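Engineer:
Numbering (the numbering used here), first residue to last: 24 to 386.
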């Protein structure tokens, strides 16, 4: 079968290329917001304004006096902005949780545009090329020979540029039907230790909390700068770079751990937790599960790793009482509280509640 896979490379554009990127970001934002405003207005008047209509209109708009600057932009970028908006509307009506499409702000910390065709890549000299822009340097050692479907150029809050290259690759899935128990891994999420399992020991690296004091100091410096000044812009960039370092450390640790687990075990089983609910439940727990180790992001990375190496990845139902169920006799302890760290059952079992949960998840 064929699958879509994305390679994300760090870009190093020169000054001229950065100016072109900013121009493309602005055009993408202008087209997206203009079409969104028109679609909202058309809906109020009972008119269906499709993506095809918008693309056709912008072909004519480029000829109007005062909009000639749109002709300097790759037409694919304009079309892709319209198609992305159309897809956002489809997702909204299909899955209500995705939310109604929002207008893109110039002050946003993230900007991007997509080019779907005529992209080139030179692995020998580590450069990429997109239409109407010269060769751009990138930094990455990975090489692929798959067909390029699209390239998405993005800029994050710390001023770093990246390219996400979507390719189509052939993949043969060959999952094992029989697995030894020693090759099955299960774990329960723990705010203290990140993961708790019988098979391995883990430690919460506390990437955010270890730097929380330094972040407060930098945030205080930023708040003292005059709004609109160059010093405030510099300080905001320094703060964003520091946040990015924390994110990079966390992501690196997650991918390394995901690689280690997917290589060592043939089946990995976890609980499908309600992370949004946990964030609202407790302020300290919210920081732990989102900023310190981001459990949902780790599971997504691990699921992808397992898929690549043909290993089983299983999520059990979030309503399964893994913590309240006795792994020895099967009795459910309804009065178990969050601060009860030891699971003590009438049958005589006395065990750490997270270890008990990991055994139940495995069973």
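We put the beta carbon where it would ideally sit given N, CA and C, even for glycine. Only a predicted model underlies this, so the values are computations on that prediction, with no experimental measurement involved.
1. Alpha carbon to alpha carbon, what distance is there between residue 325 and residue 273?
2. Look at residue 333 and residue 197 and say whether their C-beta atoms are less than 8 angstroms apart.
3. Which of helix, strand or coil does DSSP assign to residue 162?
4. Residue 34 to residue 180, Cα distance in whole Å?
5. Nearest by alpha-carbon distance to residue 296: which of 323, 340 and 131 is it?
6. Can you tell me which of the three DSSP states residue 279 falls into?
7. Out of 264, 211 and 215, which one is the CA nearest neighbour of residue 237?
8. Please report the distance separating the alpha-carbon of residue 115 from that of residue 109.
9. Among the residues of its own chain, which have a CB less than 7 angstroms from the CB of residue 170, if the five just before and after it don't count?
10. I need the straight-line Cα distance from residue 160 to residue 128, nearest angstrom please.
11. Assign residue 143 to buried or exposed, taking buried as 16 or more other Cβ atoms, counted over all protein chains shown, within 10 Å of its Cβ.
12. Which partner residues does residue 27 have in the DSSP bridge list?
13. Please report the residue range of the alpha helix (DSSP H) in which residue 377 lies.
14. Which of helix, strand or coil does DSSP assign to residue 284?
15. Check this for me: beta carbons of residue 40 and residue 163, under 8 angstroms apart or not?
16. Between which two residues does the beta strand (DSSP E) containing residue 211 stretch?
17. For residue 95 and residue 168, I'd like the C-alpha separation in whole angstroms.
18. So, with DSSP's three-state summary, where would you put residue 176?
19. One question on the structure: do residue 369 and residue 229 come within less than 8 angstroms of each other, judged by their Cβ atoms?
20. Look at the alpha carbon of residue 148 and the alpha carbon of residue 43, and state the distance between them as a whole number of angstroms.
21. Quick check on residue 210: buried or exposed, where buried means 16 or more other Cβ atoms within 10 Å of its Cβ?
22. Contact between the segment 370-380 and the segment 206-223: three or more CB pairs below 8 angstroms?
23. So which of 82, 220, 105 and 348 has the shortest CA-CA distance to residue 205?
Structural biologist: Reading from the atomic positions:
1. 14 angstroms
2. yes
3. strand
4. 15 angstroms
5. 340
6. helix
7. 264
8. 10 angstroms
9. 190 and 191
10. 28 angstroms
11. exposed
12. 191
13. 376-385
14. helix
15. no
16. 211-213
17. 31 angstroms
18. strand
19. no
20. 22 angstroms
21. buried
22. yes
23. 220
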